[in-house]
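S.K.:
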Amino acid sequence: MKEIVLKEKSEAAIYIISTVLQGYCETIYHINEKDPETALNIVSGEILSEILYDVLIAHEVEVCVKDERYKDLSDINFDELTEKILYWHKEHIIELVLKNINQNDTDDPVYWKLKMTVDRD
Numbered sequence: 001m002k003e004i005v006l007k008e009k010s011e012a013a014i015y016i017i018s019t020v021l022q023g024y025c026e027t028i029y030h031i032n033e034k035d036p037e038t039a040l041n042i043v044s045g046e047i048l049s050e051i052l053y054d055v056l057i058a059h060e061v062e063v064c065v066k067d068e069r070y071k072d073l074s075d076i077n078f079d080e081l082t083e084k085i086l087y088w089h090k091e092h093i094i095e096l097v098l099k100n101i102n103q104n105d106t107d108d109p110v111y112w113k114l115k116m117t118v119d120r121d
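Per my numbering: the sequence shown = residues 1 to 121.
1. Just how far apart, CA to CA, sit Met116 and Trp88?
2. Quick check on Ile76: does DSSP put it in helix, strand or coil?
3. Which first and last residues belong to the alpha helix (DSSP H) in which Tyr70 is found?
4. Under the rule that 16 or more other beta-carbon atoms within 10 Å means buried, what is Ala12, buried or exposed?
5. Output needed for Asp75: all residues of its chain with C-beta closer than 7 Å, excluding positions within five of it in sequence on either side, in chain order.
6. Pull the bridge partners of Ile4 from the DSSP assignment, please.
Structure representation (structure tokens):
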């Protein structure tokens, strides 16, 4: 498990960041079950990961708007949000995913879960 400390004030931004990072891990996990080489290519290719993150961000924004959980997303700078997600990707997600992909049969299971802590100071 990896812990990420988010320094965010916006509840919507926190929700989107945490959901997108977890969604990325879960997507790679499912791809890895069927095609480990493709999963590794996505993780190791920055452009492929960025595209996957763009899709996941767009999906979560759509979900937020539809369910009216976060009606007003105008206070979120999506370029900055994407940069933060890519930062966490480089700092923690790549390591977490590669550790899971590169397991052998004798390793204990490693979970693809992230622990998100929010620091609002």
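Backbone N, C-alpha and C define an ideal beta-carbon position, used for all residues, glycine too.
M.R.: Short version:
1. If you number the sequence shown from 1, residue 116 lands on position 116. If you number the sequence shown from 1, residue 88 lands on position 88. One C-alpha to the other measures close to 11 Å.
2. By 1-based counting over the sequence shown, the position of residue 76 is 76. It is coil, neither helix nor strand.
3. In the sequence shown, the residue the question calls residue 70 occupies position 70. Counting along the chain, no alpha helix (DSSP H) covers Tyr70, and no H or E run does either.
4. Position 12 of the sequence shown holds residue 12. By the neighbour-count rule (16 or more Cβ atoms within 10 Å), Ala12 is buried.
5. As a first step, residue 75 must be located in the sequence shown, where it is residue number 75. Cβ within range, chain order: Ser10.
6. On the sequence shown, position 4 is the one that residue 4 refers to. Note: Ile4 sits in a beta bridge opposite Met116.
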